[in-house]
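If you're matching positions, the sequence shown starts at 4 in this note's numbering and goes up one per residue.
Every residue, glycine too, gets a C-beta built ideally from N, C-alpha and C.
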Amino acid sequence: MPKALRIGTDIEEAARALAAGGLVAIPTETVYGLAGNALDEAAALRIFEVKRRPAYDPLIVHVSSLSRALTFVKKTPLQAVALAEAFWPGPLTLLLPRKPMVPDVVTAGNKLVGLRVPDHPLTLELLRRVNFPLAAPSANPFGYISPTTPEHVAAQLGGEIDYILDGGPCRVGLESTIVGFPDGKPTVYRVGGLPVEAIEALVGKTKVQINASSNPQAPGALKSHYAPKTPFFTGAEERAAYAPERTGRLVFERPDPAFPEANQFVLSEKGDLEEAARNLYAAMRLLDERGFDAIFADWLPKEGPGAAINDRLRRAAARG
Ligand code: TXA
Ligand code: MG
Numbered sequence: 004m005p006k007a008l009r010i011g012t013d014i015e016e017a018a019r020a021l022a023a024g025g026l027v028a029i030p031t032e033t034v035y036g037l038a039g040n041a042l043d044e045a046a047a048l049r050i051f052e053v054k055r056r057p058a059y060d061p062l063i064v065h066v067s068s069l070s071r072a073l074t075f076v077k078k079t080p081l082q083a084v085a086l087a088e089a090f091w092p093g094p095l096t097l098l099l100p101r102k103p104m105v106p107d108v109v110t111a112g113n114k115l116v117g118l119r120v121p122d123h124p125l126t127l128e129l130l131r132r133v134n135f136p137l138a139a140p141s142a143n144p145f146g147y148i149s150p151t152t153p154e155h156v157a158a159q160l161g162g163e164i165d166y167i168l169d170g171g172p173c174r175v176g177l178e179s180t181i182v183g184f185p186d187g188k189p190t191v192y193r194v195g196g197l198p199v200e201a202i203e204a205l206v207g208k209t210k211v212q213i214n215a216s217s218n219p220q221a222p223g224a225l226k227s228h229y230a231p232k233t234p235f236f237t238g239a240e241e242r243a244a245y246a247p248e249r250t251g252r253l254v255f256e257r258p259d260p261a262f263p264e265a266n267q268f269v270l271s272e273k274g275d276l277e278e279a280a281r282n283l284y285a286a287m288r289l290l291d292e293r294g295f296d297a298i299f300a301d302w303l304p305k306e307g308p309g310a311a312i313n314d315r316l317r318r319a320a321a322r323g
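Structural data, given as structure tokens:
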């Protein structure tokens, strides 16, 4: 039987549900997470079940501080510590060699664990309250658009989780940037809320290796992901096949005169890429709900958060 929807700002209630092995949707600065006790195998398995997530796709483990993170890892490259000190709490996930206490289900058998300190006051408080780390993927059904408001979570997973901790809309709006250290050197596996430029300013030229595969060593990199149900396109070739009145448009700064204005979502009238990132997933959901025959999105300038926005548009448009 589906659960009654419980939503609010009661950290105690969230902590109790988690301690009892339940699942709670948590706000972060990036997107909402579907959280469970990362050291409780049954809770972790339940996350996969609720999300309909394949078992090969590992979960990020959320902790309240760098020192807590270090209790779950064996050896930490110096540059990982430097990145954590500079950007945690924040939209950065580090892949580090795990200790055996982190269950196999959480890392999908990988020897590395993905760790992050999220930057949201309610969730930081919750993490300090419970005495275990929280495994949390984005709180959406696998492959669909990530949630950036509690309403997004309620609409899709409300009946299956114990509580939604309401932290308002997410400030960044894109998932964390994922960095691993093959041969000790930082490598970006998923572009995200922390721009690569910010990482490079700290550690110098950094490799970005984004593979379209289901290999957990290439995280967040499934080809088709973050996808609306409506056919979604980034190119112009297919436009002729659809009537403009039946077409949604996702644009950066101003509406496209070739389409009805009511069919369009402008991501940032002032051309601000951070604002565009914040609006992206809500815009994709709104357009998806309109029942258009197709949605056409424009590429954004590729600096700063633009690179991660374009990555999500590319995956939303990917077939298969
Ligand atoms: O901003 C975020 O990262 C959000 C919030 C909730 O923290 N979480 C998120 O989780 O986006 P998720 O599960 O949707 O994406 C996490 C990605 C997965 O694609 C997974 O492959 C990768 O991180 N990942 C997690 N742990 C890993 C590990 N141990 N080894 C390799 N990749 C890992
Ligand atoms: Mg996700």
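Residue(s) in a DSSP beta bridge with residue i
i    : result
H65  : R119, L137
T180 : L95
P100 : L115
Q267 : R252
F236 : F299
K210 : T190
G11  : L168
N40  : L137
A28  : L37, I167
V76  : R101
Exposed unless 16 or more other CB atoms sit within 10 angstroms - verdict on residue i
i    : result
P308 : buried
R55  : exposed
P222 : With a pLDDT of only 46 at P222, under the threshold of 50, the placement of this residue in the model should not be trusted, and no figure is reported.
M104 : exposed
P30  : buried
N214 : exposed
R249 : exposed
L98  : buried
P219 : Low per-residue confidence applies at P219: pLDDT is 49, beneath 50, and the placement is therefore not dependable, though the value from the model is reported in the following sentence. By the 10 Å Cβ count, P219 comes out buried.
P140 : buried
D43  : buried
T12  : exposed
Cβ-heavy atom distance, residue i to the ligand FAD, below 7 angstroms
i   : result
S70 : In the structure shown, the ligand FAD is absent; the only ligands present are the ligand TXA and the ligand MG.
Residue i versus residue j - alpha carbon distance
i    : j    : result
A319 : L69  : 33 angstroms
L137 : E240 : 44 angstroms
P92  : A311 : 19 angstroms
A280 : R174 : 9 angstroms
F295 : E277 : 27 angstroms
Y284 : P263 : 21 angstroms
P61  : P260 : 43 angstroms
L303 : F255 : 7 angstroms
P5   : T180 : 34 angstroms
F51  : A17  : 19 angstroms
S217 : R293 : For S217, the predicted structure reports a pLDDT of 45, less than 50, and the residue's modelled location is therefore unreliable. A value from the coordinates is still provided. The straight-line gap from Cα to Cα measures roughly 31 angstroms.
R257 : V34  : 26 angstroms
D107 : V84  : 24 angstroms
L115 : Y192 : 13 angstroms
G187 : L289 : 42 angstroms
P144 : P57  : 11 angstroms
L253 : S271 : 11 angstroms
N134 : T233 : 42 angstroms
I10  : L168 : 6 angstroms
Assumed close pair residue i, residue j - CB separation to whole angstroms, cut-off 8 angstroms
i    : j    : result
H123 : G170 : 5 angstroms
P121 : E32  : 6 angstroms
P94  : K78  : Not a contact, Cβ separation roughly 24 angstroms.
A28  : I164 : 6 angstroms
A326 : V109 : Residue 326 cannot be examined here, being either before or after the span of the chain that is shown, 4 to 323.
H228 : G117 : The pair is not a contact, with the Cβ atoms about 16 angstroms apart (cut-off 8 angstroms).
A142 : G36  : 6 angstroms
T96  : I63  : 5 angstroms
T190 : K210 : 5 angstroms
E154 : I14  : Rounded, the Cβ-Cβ distance is 20 angstroms, inconsistent with contact.
Y245 : A300 : Actually they do not touch by this definition, with Cβ atoms about 14 angstroms apart.
- Query: So which residues put a beta carbon under 6 angstroms from any heavy atom of the ligand MG, going in chain order?
  - Reply: P140, S141, S149
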